Every structure is written in C-alpha cells, then in structure tokens.
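See structure below.
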Amino acid sequence: MNPYERYLLPWIIEHSCAIGPIQKKRKALVPHAHGRVLEVGVGTGHNIPFYDRDRISELIAVDPAEHMHGRARKRADDAGIDVRVLGLSAERIPLEDDAVDSIVMTFTLCTIPDPTAALAEMRRVLKPGGELLFLEHGRAPTAGVQKWQRRLNPIQNRIGGGCNLDRAIPALVRQDFTISDLDEGYLPGPKFTSYVYSGTAT
Numbered sequence: 001m002n003p004y005e006r007y008l009l010p011w012i013i014e015h016s017c018a019i020g021p022i023q024k025k026r027k028a029l030v031p032h033a034h035g036r037v038l039e040v041g042v043g044t045g046h047n048i049p050f051y052d053r054d055r056i057s058e059l060i061a062v063d064p065a066e067h068m069h070g071r072a073r074k075r076a077d078d079a080g081i082d083v084r085v086l087g088l089s090a091e092r093i094p095l096e097d098d099a100v101d102s103i104v105m106t107f108t109l110c111t112i113p114d115p116t117a118a119l120a121e122m123r124r125v126l127k128p129g130g131e132l133l134f135l136e137h138g139r140a141p142t143a144g145v146q147k148w149q150r151r152l153n154p155i156q157n158r159i160g161g162g163c164n165l166d167r168a169i170p171a172l173v174r175q176d177f178t179i180s181d182l183d184e185g186y187l188p189g190p191k192f193t194s195y196v197y198s199g200t201a202t
C-alpha cells in the first residue's frame, strides 16, 4: 500500500462520503437494520451512528482496509454500539449460512473487485426473510452521462481505491436478490459521480 492509499485516500473518502445529502440518505436507510447485522464495507464507520441500538442485537462489519478500522471503532464507541470489525473482503464472508437478519452496504459495491461473488456471499449468509439495505452510486440512466462515466472510469478506478463509476447496481443486486423497494436519482454534484440507488432487497 502506497502513502496515497494509506493516508490521503482515507481522508478523501472520510469527507466525500459525509456530505449532507449522503448523510440524509444514510439516516433514512440504516435504522431499518435489525437483529444480527452484517455491514459490508464499513470503511470509517459513517453508518454506525444511524443504527437503532434497540433494534440490533449484534453488529459485525467486514472491510479489507484495516487502516480505516480505528475510525470505525471510534464511531462505534461514541454511539455506544459494540461492533466486531473484520479485515476481510466481501467475497469470502467468515459466517455460516443463514447467519444474519440484515445486511447493510453503502458506497461499497462500486469498489469490490468481484461484486457478483460478494453478492452471492451476502445471499448465503442472509437468513430467509432477511433484508439487504443498500445505498450505492452507479451507472446513470442517460447516455450522455454514461459516456463520461466510461471515459473517466479508468481514472476514478486508479485514484479512488478501485472505485467504479458505471456499475449497473440494480442489475447486480437482482442476480441474487429481489428488490422490494428502490429509490434512485442524482445527488448534488458532478453527474458522473452522483447518481445514487437506495433500496431494500430480500
């Protein structure tokens, strides 16, 4: 890991993922998690303050970026939530089948090297009747914006820690889940980065 990835990139992610419109989306989504919860891609823990402590019995988080775990644990301490953070990727989740009631995934699917394998793992560990709560940026619906997403994706992938601008989020989720609720649209900001999908899948 080079100095940019270890020091500067976490700072960029910390601030870019905490803007008001994104936090508003988190606040609307994350409190629906219940029971035993798995968060995929916890990063620095932006979601943690939004969990309803009365609804969750256990919070497990996975993220291979171990240099971000300290901030996530600090946010959990501040929120009074116990969290077990594991430095592992989503493609191989170290849980048994049908292990969790809810999975939370925000601004993560863009970066996972093999999103199909990761979603299959999430399907495996989610109990029947459980819910996947997701908030992700991805491919915009208009051809002009898609063109710029394709052009800029190699740059974004390099400077954004593997982040992709143009993944078809609903299509990926539907490979293993049924989407029961979906909200999508642009947030304030450059259109090639700001088309966001928020929803629930079972």
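Numbering of the sequence shown is given in full-length UniProt numbering, commencing with residue 1 and proceeding in unit increments.
Think of the CB as a built atom: it goes at the ideal place given N, C-alpha and C, for glycine as much as any other residue.
All values reported here derive from a predicted model rather than from experimental measurement.
I need the DSSP call for residue i, collapsed to helix, strand or coil.
| i | result |
| --- | --- |
| residue 116 | helix |
| residue 1 | coil |
| residue 169 | helix |
| residue 32 | helix |
| residue 140 | coil |
| residue 194 | coil |
| residue 19 | coil |
| residue 152 | helix |
| residue 187 | coil |
Rounded to whole angstroms, what's the CA-CA distance from residue i to residue j? Just pull it up for me.
| i | j | result |
| --- | --- | --- |
| residue 81 | residue 139 | 34 Å |
| residue 167 | residue 52 | 30 Å |
| residue 34 | residue 132 | 11 Å |
| residue 172 | residue 201 | 12 Å |
| residue 70 | residue 84 | 12 Å |
| residue 19 | residue 49 | 15 Å |
| residue 10 | residue 65 | 9 Å |
| residue 46 | residue 147 | 31 Å |
| residue 192 | residue 105 | 21 Å |
| residue 176 | residue 196 | 20 Å |
| residue 86 | residue 43 | 11 Å |
| residue 190 | residue 182 | 22 Å |
| residue 56 | residue 73 | 17 Å |
| residue 110 | residue 160 | 10 Å |
| residue 54 | residue 155 | 42 Å |
| residue 32 | residue 157 | 31 Å |
Is residue i buried or exposed, if buried means 16 or more other CB atoms sit within 10 Å of its CB?
| i | result |
| --- | --- |
| residue 115 | buried |
| residue 218 | The first residue shown for the chain is 1 and the last is 202, placing residue 218 beyond what the model contains. |
| residue 6 | exposed |
| residue 101 | buried |
| residue 26 | buried |
| residue 96 | exposed |
| residue 28 | exposed |
| residue 108 | buried |
| residue 68 | buried |
| residue 199 | buried |
| residue 122 | buried |
| residue 137 | buried |
| residue 13 | buried |
| residue 2 | exposed |
| residue 180 | exposed |
| residue 119 | buried |
The region 143-158 touching the region 119-131, judged by at least three CB pairs closer than 8 Å
no
Output the residue ranges of the beta strand (DSSP E) runs that lie fully inside the region 38-114 and measure 3 residues or longer, sorted by chain position.
56-62, 83-86 and 100-106
Tell me, please, whether the region 60-73 touches the region 34-47 by the rule of three or more beta-carbon pairs shorter than 8 Å.
yes
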